[in-house]
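Asks:
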Amino acid sequence: MASIKKILLSAFLLVCITSCAQQTSNQKEMEDKISKSDEQWKHKLTEEEYQVLRKKGTERAFTGEFWNHHEKGIYICAGCQLELFSSETKFESGSGWPSFYDAISKDNVKIKKDVSFGMVREELVCSKCEGHLGHVFPDGPKPTGLRYCINSVSLDFKKL
Ligand code: FE
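Take the sequence shown: its letter number 118 is residue 133 in this note's numbering, and every next letter is one higher.
(1) Go ahead and pull the three-state DSSP assignment for Lys43.
(2) Whole angstroms is fine: what's the gap from Val140's alpha carbon to Tyr116's?
(3) Is DSSP giving Val67 helix, strand or coil here?
(4) Considering only heavy atoms of ligand 1, does any lie closer than 7 Å to the CB of Cys164?
(5) With a cut-off of 8 Å, does the C-beta of Glu64 fall near any C-beta of chain C?
(6) Our contact map puts Val168 next to Glu98 with C-beta atoms below 8 Å; I'd like the distance itself, whole angstroms only.
(7) Considering Asp154, what are the terminal residues of the alpha helix (DSSP H) in which it resides?
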């Protein structure tokens with residue numbers, strides 16, 4: 016009888032510990048995210064950054080700061096400074112937008128289904144501030160075969 020009690024008590028404690036750990040990790044995720052009102056974003060960003068990052072706009076091809084940029088470094092989110100892409104994975108796509116075959120970490124970007132303009136596309140957003148970055152297409156080079164087609168306006172650059 017005593018051992019059944021012990022088992023039940025252990026099981027109860029395990030459930031408590033697990034749910035507590037889960038809560039902590041959810042809290043951490045919430046803390047890591049940035050949530051601002053539309054007004055706050057308007058105040059923080061330039062008009063161009065606001066239109067692309069918050070309103071899913073697209074800069075005109077061959078006009079951005081980074082489509083023809085070749086320095087070694089890290090491209091970060093212009094909205095929240097989260098590291099997004101390395102110059103190591105940048106390639107010449109010919110599209111007129113900075114293109115990468117991989118993100119710096121799967122945790123730092125998020126893919127969303129985009130059905131605007133009568134097309135089904137994969138929209139890429141920053142996982143920290145949910146800012147619109149661009150789209151992901153399945154016609155990139157090896158090793159991923161992906162093309163992350165990104166607006167220069169959504170990016171800042173940290174030289175290495
Ligand atoms: Fe961001």
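Where a beta carbon is used, it is the ideal one built from N, C-alpha and C, also for glycine.
Replies: According to the structure shown:
(1) With a pLDDT of only 49 at Lys43, under 50, the local geometry of the prediction cannot be trusted, and no value is derived from it.
(2) Between the C-alpha atoms of Val140 and Tyr116 there is a straight-line separation of about 16 Å.
(3) Secondary structure at Val67: helix, using DSSP grouped into helix, strand and coil.
(4) no
(5) Within the model displayed, chain C is absent; a lone protein chain is all it includes.
(6) Going by Cβ atoms, the distance from Val168 to Glu98 rounds to 17 Å, so no, they are not a contact pair.
(7) Asp154 -> no alpha helix (DSSP H), and no H or E assigned at all.
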